[in-house]
Structure formats: structure tokens, C-alpha cells
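Worksheet: one structure, shown below.
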Ligand SMILES: [Mn+2]
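Numbering (the numbering used here), first residue to last: 79 to 463.
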């Protein structure tokens with residue numbers, strides 16, 4: 079359902095006549111993307127549970143928090159919930175301490191808004207422990223995952239949105255809630271989600287609308303540069319030491335088309351790093367100039383975890399990962415090889431070599447002057463590969 083084009087009819091349906099100072103960069107078309115039924119449900123709700131997925135990241139947290147604060151601004155009661163405690167990484171987000179890990183037992187909710195959840199089960203164990211609540215109270219489902227099965231009473235699923243926070247920014251515009259609500263808490267939270275899911279506007283999921291949304295958030299005071307630094311360019315010293323060890327062992331062959339390195343259990347004990355600190359190393363390996371396949375082989379106690387990145391126009395990373403039952407996207411994937419590190423390395427390198435050998439070199443595959451346009455990739459944040 080889209081809002082009526084006629085301004086008077088739009089106004090009577092509850093939409094602002096024009097974005098005005100609330101969201102000055104958004105177009106009428108941007109606001110028309112917000113289903114009328116979503117706006118109506120949120121306008122009439124009095125006691126709202128906003129809930130995001132377990133193991134949260136910034137888009138999940140930012141969308142659930144910003145919407146809760148905006149609903150409070152309108153006089154409703156709202157509880158932002160995430161089944162897991164908020165990771166300390168997100169301490170910089172104002173009002174992040176508002177999150178609960180359970181619904182507030184003192185509140186008789188009349189609406190549940192599920193945000194950034196590709197399926198309802200993503201809300202985590204809270205679904206099982208509050209099954210009666212989730213069965214009785216209407217659910218508004220706001221998400222940008224293409225595979226979302228539309229589990230809500232009202233569903234707004236927009237795979238063209240870079241982030242659920244992009245959608246919530248549109249929603250606030252449609253509801254006429256200023257982005258400066260809550261000091262900067264709303265704008266900061268929404269910007270964190272945009273930065274997270276676009277890798278600071280670097281992924282191909284960024285559209286002109288994403289940038290209009292971002293413009294309004296910056297205009298409302300959201301600290302884009304600081305948010306990007308904290309989410310993507312800040313690491314514990316021991317993590318940098320871990321990167322150094324792994325990058326120092328970089329190897330390449332086939333004129334640099336295949337690059338790889340290993341991360342051993344000894345690397346972790348020697349640096350004091352935890353396994354999660356390996357996040358990001360594969361993306362540095364993938365920066366190798368001639369690399370078409372980048373591999374990171376991570377030693378586990380009895381098996382080996384591999385992360386794979388491939389260049390645009392190069393081999394399909396998901397196909398390679400699929401040899402060991404893994405998966406992901408064409409450019410980023412991962413798998414677990416049921417072998418110790420040395421044997422897994424030999425097997426994975428062999429498969430990668432054969433994949434590259436089956437292909438002619440990129441330089442002769444396409445005339446340099448007449449490259450066809452690249453297909454649009456269905457991209458969002460990369461999988462935890
Ligand atoms: Mn998201």
C-alpha cells in the first residue's frame with residue numbers, strides 16, 4: 079500500500095504534506111515507500127516492544143533503539159529489547175543503556191515491532207520464553223533481508239534498503255518525528271546502523287536514497303566520521319599484533335592471483351587475542367593488488383575454518399566454500415574443513431588453484447576497452463565468514 083499522491087489525501091492519511099525541516103533531503107517518493115499501514119499501526123500504538131535480533135550489531139540495535147525513542151517522543155511507552163547484552167563496542171551510542179534483554183513484565187504491550195530480523199526466530203530465546211506474548215500481540219515486521227518470510231501482521235520488507243536503519247529514518251520522516259529527537263540519540267543510532275551495513279558507504283548496497291537519509295542524519299548532528307572510526311577503524315592493540323603476525327606470513331602464487339595466510343592457535347596465545355579478533359584480516363588479504371582469490375585458514379582445535387574473498391569478475395567464493403558444505407556470497411564466503419591446519423591448507427589451496435586454472439586470466443578474458451557493465455550484486459553486510 080502506498081500513500082495517496084494527492085497532498086490533501088496524504089495529510090488525512092496522517093502523512094506530513096511535505097518532508098519540511100523534519101527530513102529535508104527526502105523526496106516524496108522516499109516517503110511514499112513507507113507503507114501507510116506501518117505508519118498507522120505505530121501512530122495508534124500506546125505500549126510498544128521494539129525488538130531486534132540476538133547477537134546484535136549496529137543496524138539491529140540502532141533501528142530498535144531509534145524507533146523506541148521516537149515513539150516515546152510521540153507519548154507512547156516503548157521498550158527496546160535485544161535478547162543478548164549489548165556488546166561494549168556500542169557503548170558510544172547515546173541511550174544504548176535503554177536496552178532490555180526481556181520485555182518489561184510491567185507493560186501490557188499492544189504492538190511488537192521486529193526489526194532487522196530475516197526470520198522471527200532471529201529475536202532469539204525471548205521468542206520461546208514469551209511465546210504467548212508473540213502469539214497475541216500484533217507484529218510489525220520491518221526488515222531489509224530479501225529472504226524475509228513476512229511473519230508479521232504488517233510487513234515492510236525492502237531488500238533495496240541498505241540497512242533497517244535506512245527504513246526507520248524514512249519511517250520517522252513519514253511520521254513527522256524530528257531526527258533531532260532525544261538529543262542526538264535517534265540520529266546517532268540510525269547512523270550507526272547505516273555505517274555498519276554499508277561499511278561506511280562502501281558496499282554496493284548504497285543508493286541515492288541511502289545518501290539522502292545519511293544527509294539528514296548528519297544534518298541532525300550524527301557524527302558520521304567518529305561512528306565510522308569506532309565501528310571500522312578501532313582495534314585493541316593485541317588485535318593489531320595478531321593482524322601483524324598473520325599478514326607477515328602472507329603467501330601468493332600464480333602471479334599473485336592466489337593469496338593466503340594462516341592463523342594458528344599459537345598466534346592467539348602469543349598475542350593474547352581472542353578468536354573473534356581475526357575479524358577483518360581476510361578483508362586486508364583481499365586488498366592484494368593481483369589477488370583474485372584471498373584465503374585465510376584459521377586453525378581450530380580439531381578442524382580448520384576458512385574465509386574466502388574473491389574479486390569482481392573472478393571465481394565464485396560460495397562455490398569454493400560449497401566444497402566443504404560452507405556458503406555465503408559470490409564475493410565473500412566461508413566454510414569449515416574437517417582437517418588439521420596443514421592438511422586443510424593443502425586441500426583448500428589445491429581447490430583454489432584448480433578454480434583459477436579453469437579460468438583464463440582476467441587480462442585476456444575481456445577487452446580492456448569494452449567491459450560489460452557489472453551485474454548489480456545483492457549485497458548487504460558480508461557474512462561472518
Ligand atoms: Mn541490517
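Every residue gets a Cβ at the ideal spot worked out from N, C-alpha and C, and that includes glycine. Here the structure is a predicted model, which means the values were calculated and not measured.
query, result
"DSSP beta-bridge partners for residue 158?", "128"
"Helix, strand or coil for residue 331, going by three-state DSSP, please let me know.", "strand"
"When the distance is taken between beta carbons, is residue 309 closer than 8 Å to residue 257?", "no"
"Considering Cα atoms alone, identify which of 241, 192, 154 is closest to residue 220.", "192"
"Mind checking which residues open and close the alpha helix (DSSP H) that includes residue 369?", "Run containing residue 369: none; DSSP gives neither H nor E here."
"Could you spell out the range, first to last residue, of the beta strand (DSSP E) harbouring residue 414?", "410-415"
"Could you check where the beta strand (DSSP E) with residue 192 kicks off and where it finishes?", "189-193"
"Is it the case that the Cβ atoms of residue 339 and residue 302 are separated by a distance below 8 Å?", "no"
"Quick test of the definition: if touching needs 3 or more C-beta pairs under 8 Å, does the region 312-324 touch the region 350-359?", "yes"
"Quick check: the Cα distance between residue 505 and residue 103, rounded to an integer number of angstroms?", "Residue coverage of the chain in this structure runs from 79 to 463, which leaves residue 505 outside it and unanswerable."
"Who pairs with residue 405 in a beta bridge, going by DSSP?", "412"
"Please state the DSSP three-state secondary structure of residue 387.", "strand"
"Report the rounded CA-to-CA distance for residue 316 versus residue 178, giving the unit in angstroms.", "31 Å"
"With residue 232 and residue 226 assumed to form a contact (beta carbons below 8 Å), what rounded beta-carbon distance in angstroms separates them?", "Their Cβ separation, rounded to whole angstroms, is 13 Å, which puts residue 232 and residue 226 out of contact at 8 Å."
"Just checking residue 194 against ligand 1 - is the residue's beta carbon closer than 7 Å to any of the ligand's heavy atoms?", "yes"
"Quick one: using the 10 Å Cβ neighbour count with 16 as the cut-off for buried, is residue 240 buried or exposed?", "buried"
"When the Cα atoms are used, what is the spatial distance from residue 121 to residue 280?", "35 Å"
"Hey, is the region 263-275 in contact with the region 239-253, meaning 3+ C-beta pairs nearer than 8 Å?", "yes"
"At which residues does the beta strand (DSSP E) containing residue 217 begin and terminate?", "217-221"
"Taking the alpha carbon of residue 58 as the point to measure from, which residue in 329, 298, 341, 266 has its own alpha carbon closest?", "Past the edges of the chain, shown from 79 to 463, lies residue 58, and the structure says nothing about it."
"Give a single yes or no on whether residue 222 has its beta carbon closer than 7 Å to a heavy atom of ligand 1.", "yes"
"On the criterion of 16 or more Cβ atoms from any shown chain inside 10 Å, does residue 382 qualify as buried, or is it exposed?", "buried"
"Of the choices 176, 406, 431, whose alpha-carbon is the least far from that of residue 370?", "431"
"Taking the continuous beta strand (DSSP E) assigned at residue 249, which residues delimit it?", "First-last for residue 249: 242-253, but that is the alpha helix (DSSP H), not the beta strand (DSSP E)."
"Ligand 1 heavy atoms versus the CB of residue 242: any closer than 7 Å?", "yes"
"Please report the straight-line C-alpha distance between residue 367 and residue 358, rounded to a whole angstrom.", "17 Å"
"On the three-pair Cβ rule with 8 Å, is the region 147-160 touching the region 123-135?", "yes"
"Give the single residue among 190, 196, 409 whose Cα lies nearest to the Cα of residue 393.", "409"
"Along the alpha helix (DSSP H) that carries residue 342, what are the first and last residues, could you check?", "Neither: residue 342 is in no alpha helix (DSSP H) and is coded neither H nor E."
"Under the three-state reduction of DSSP, which class applies to residue 382: helix, strand or coil?", "strand"
"Going by CA-CA distance only, name the one from 185, 150, 199 that's closest to residue 132.", "199"
"Give a yes or no on whether the minimum CB-CB distance between residue 223 and chain B is below 8 Å.", "Annotation note: the requested chain B is absent from the structure, which comprises a single protein chain."
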